[in-house]
Amino acid sequence: MKEDFFKYQAQTTPHPLALEISHAKGSYIYDIDGNAHLDFVAGVSACSLGHCHPAVIKAIEEQLQKYMHVMVYGEYVQKPTVEYTKLLASLLPAKLDTTYLVNSGTEAIEGALKLARRVTGRSQIISAEHAYHGSTMGSLSVMGFEERKKAFRPLIPDISFINFNNENDISKINKETAAVILETIQGGAGFITPNNDYLQKIRQRCDEVGALLILDEIQPGFGRTGKLFAFEHYDIAPDILVIGKGMASGLPVGAFIASNQMMACLKDKPKLGHITTFGGNPVIAAACLATLKVLLKEQHIKETLEKEKLFRSLLIHPSIKEIRGKGLMLALMLETTEIVNYLVLSAAKKKLILFWLLFEPKAVRISPPMTISNEEIRQGCEQIIKILNGYQSTTVN
Ligand SMILES: Cc1ncc(COP(=O)(O)O)c(C=O)c1O
Numbered sequence: 005m006k007e008d009f010f011k012y013q014a015q016t017t018p019h020p021l022a023l024e025i026s027h028a029k030g031s032y033i034y035d036i037d038g039n040a041h042l043d044f045v046a047g048v049s050a051c052s053l054g055h056c057h058p059a060v061i062k063a064i065e066e067q068l069q070k071y072m073h074v075m076v077y078g079e080y081v082q083k084p085t086v087e088y089t090k091l092l093a094s095l096l097p098a099k100l101d102t103t104y105l106v107n108s109g110t111e112a113i114e115g116a117l118k119l120a121r122r123v124t125g126r127s128q129i130i131s132a133e134h135a136y137h138g139s140t141m142g143s144l145s146v147m148g149f150e151e152r153k154k155a156f157r158p159l160i161p162d163i164s165f166i167n168f169n170n171e172n173d174i175s176k177i178n179k180e181t182a183a184v185i186l187e188t189i190q191g192g193a194g195f196i197t198p199n200n201d202y203l204q205k206i207r208q209r210c211d212e213v214g215a216l217l218i219l220d221e222i223q224p225g226f227g228r229t230g231k232l233f234a235f236e237h238y239d240i241a242p243d244i245l246v247i248g249k250g251m252a253s254g255l256p257v258g259a260f261i262a263s264n265q266m267m268a269c270l271k272d273k274p275k276l277g278h279i280t281t282f283g284g285n286p287v288i289a290a291a292c293l294a295t296l297k298v299l300l301k302e303q304h305i306k307e308t309l310e311k312e313k314l315f316r317s318l319l320i321h322p323s324i325k326e327i328r329g330k331g332l333m334l335a336l337m338l339e340t341t342e343i344v345n346y347l348v349l350s351a352a353k354k355k356l357i358l359f360w361l362l363f364e365p366k367a368v369r370i371s372p373p374m375t376i377s378n379e380e381i382r383q384g385c386e387q388i389i390k391i392l393n394g395y396q397s398t399t400v401n
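Numbers 5 to 401, taken from this note's numbering, label the letters of the sequence shown in order.
Set out below in structure tokens:
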């Protein structure tokens, strides 16, 4: 199977981990030899309720028995999709009352950028250095990492960059700006949280100049930081909210959310302003609805902050210089890239799944399922400390 994987499936790095999967349940992924791997990554923050949560499986199975796909987005009334968007609206600020469901995070970003240009009649988009918003052409254009972009130029025009958390840059937002797009917490950059009232200042400047604020919560959304959406920590709300990853606890989905009035721009002049065949798919919407209901009913969001404290109390070691992030979106900052590689690869051998962050070579990602138990956290952290001790002794000897 592994040979065929390398032969027939496109690769994105020269050395994929290539773990051969049998099945997954809760906080564990099982390989074909029957080994259980403790998952501290959750499919890169996607499996919020762990692997194969029974409520999600049940909702998917029930919907599969009824219908899977009947029409392109937005033409027919499909119960799981309507119920889901209604529930989302009830949990969000009043101006975020209309959801456009798509198939992935990057596609949701594309929709948000198009909507911002259409609503404001302006073209300039301001993004942040080290931002990651996805891999399609529009999202790539607002990515703040030139080294990964230059091979694909020319990208879409009229994009400028500011430095995240730098208040001096805020004045670059001006009356020609259609939108400012920011991750509420920068992911690929190393889980960088916004300082003090930085986001409030951005919000205020956008209001002054008539620019829209797009917040990308594809990663921090759905409880991972201890609130349903991370912007709730900072006492602001975006004009367009972009979500994805953990929404369906492991199925492909994304969405952009704005006011009904703004969204109306997509149905007129030109009509069909943004279309998708599978966006809003009822099976995926059923999984989204089940995920959200579990998050609202059970204590996972609240417990996220307790679990963060537990991680921070256990991960004390001379090689760990800092732990960045919030809730269950944590980055261990190590001294060198070599230690990072040593830790991630040694952990893989010891059946603990860790991963890298996109643009920060000294960071190790910890973003486990929100359902992870305290005992599982303890076991994984103990393993991390042992591995780091091992690195110290190899370098000392
Ligand atoms: C903040 C953020 N935005 C956008 C994306 C793109 O989402 P997708 O991979 O579903 O296209 C990601 C994915 O890692 C992300 O973390």
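From the three backbone atoms N, C-alpha and C, an ideal C-beta is built for every residue, glycine too.
Considering only heavy atoms of ligand 1, does any lie closer than 7 Å to the CB of residue 218? no
Residues sharing a beta bridge with residue 28, DSSP: 33
Which of the three DSSP states is assigned to residue 316 in this structure? helix
For residue 164, the three-state DSSP class (helix, strand or coil): strand
Per DSSP, residue 369 forms a beta bridge with which residues? Residue 369 is bridged to 335, 359.
Residue 481 burial status per 10 Å Cβ neighbour count (16 or more: buried): In the structure as shown, the chain begins at 5 and stops at 401. Residue 481 is therefore absent and cannot be evaluated.
Is DSSP giving residue 187 helix, strand or coil here? strand
With three or more C-beta pairs closer than 8 Å as the rule, is the region 308-319 touching the region 229-239? The way I'd put it, the region 229-239 does touch the region 308-319; three or more beta-carbon pairs between them come closer than 8 Å.
Which first and last residues belong to the beta strand (DSSP E) in which residue 102 is found? 102-106
Evaluate the contact criterion for the region 37-50 versus the region 266-283: three or more CB pairs, one atom per stretch, below 8 Å. no
Around the Cβ of residue 225, are there at least 16 other Cβ atoms within 10 angstroms (buried) or fewer (exposed)? buried
Tell me, please, whether the region 101-120 touches the region 139-150 by the rule of three or more beta-carbon pairs shorter than 8 Å. yes
Taking 7 Å as the cut-off, is the CB of residue 187 close to at least one heavy atom of ligand 1? Yes, the beta carbon of residue 187 sits closer than 7 Å to at least one heavy atom of ligand 1.
Own chain, CB closer than 6 Å to residue 392, minus 5 neighbours either side, in chain order: 321, 323
Is there at least one non-hydrogen atom of ligand 1 closer than 7 Å to the beta-carbon of residue 113? yes
Mind checking who residue 55 pairs with in its DSSP beta bridge? 30
According to DSSP, simplified to helix, strand and coil, what is residue 171? helix
If you drop the 5 nearest sequence neighbours on each side, which residues of the same chain put their C-beta closer than 6 Å to that of residue 401? Summary for residue 401: the model assigns pLDDT 49, below 50, so the residue's position carries little reliability; its value from the coordinates is reported in the next sentence. Cβ-Cβ distances below 6 Å link residue 401 to nothing in the same chain once the five nearest sequence neighbours on each side are left out.
Residue 258, enclosing beta strand (DSSP E) - first and last residue: 258-262
Looking only at C-alpha atoms, which of 375, 296, 210 sits nearest to residue 307? 375
What does DSSP give as the partner residue(s) for residue 330 in the beta ladder? 333
Mind checking whether the beta-carbon of residue 222 lies closer than 7 Å to any heavy atom of ligand 1? yes
Distance between beta carbons of residue 329 and residue 195, contact taken as under 8 Å: Rounded, the Cβ-Cβ distance is 3 Å, consistent with contact.
Consult DSSP for residue 401 and reduce its assignment to one of helix, strand or coil. Any reading at residue 401 must be qualified, since the residue scores a pLDDT of 49, below 50, and its modelled position is unreliable; the value itself is stated next. If DSSP states are grouped into helix, strand and coil, residue 401 belongs with coil.
Under 8 Å between the Cβ atoms of residue 129 and residue 174? A distance of 8 Å or more separates the beta carbons of residue 129 and residue 174.
Cβ-heavy atom distance between residue 110 and ligand 1 below 7 Å? yes
Residue 2: which of 160, 159, 177, 293 sits nearest, CA to CA? The chain is shown from 5 up to 401; residue 2 falls before or after that span and cannot be answered.
By Cβ distance, which residues of its chain are closer than 6 Å to residue 442, with the 5 residues on each side in sequence left out? For residue 442 there is no data in the structure shown, the boundaries of the chain being 5 and 401.
Between residue 225 and ligand 1, is the CB less than 7 Å from at least one heavy atom? no
Whole-angstrom Cβ separation of residue 333 and residue 367, contact assumed at under 8 Å? Not quite, the Cβ-Cβ distance comes to about 12 Å (not below 8 Å), so this is no contact.
With 16 other Cβ atoms within 10 Å as the buried cut-off, status of residue 276: exposed
Own chain residues within Cβ distance below 6 Å of residue 124, not counting five before or after: 182
Any heavy atom of ligand 1 within a distance shorter than 7 Å of the CB on residue 136? yes
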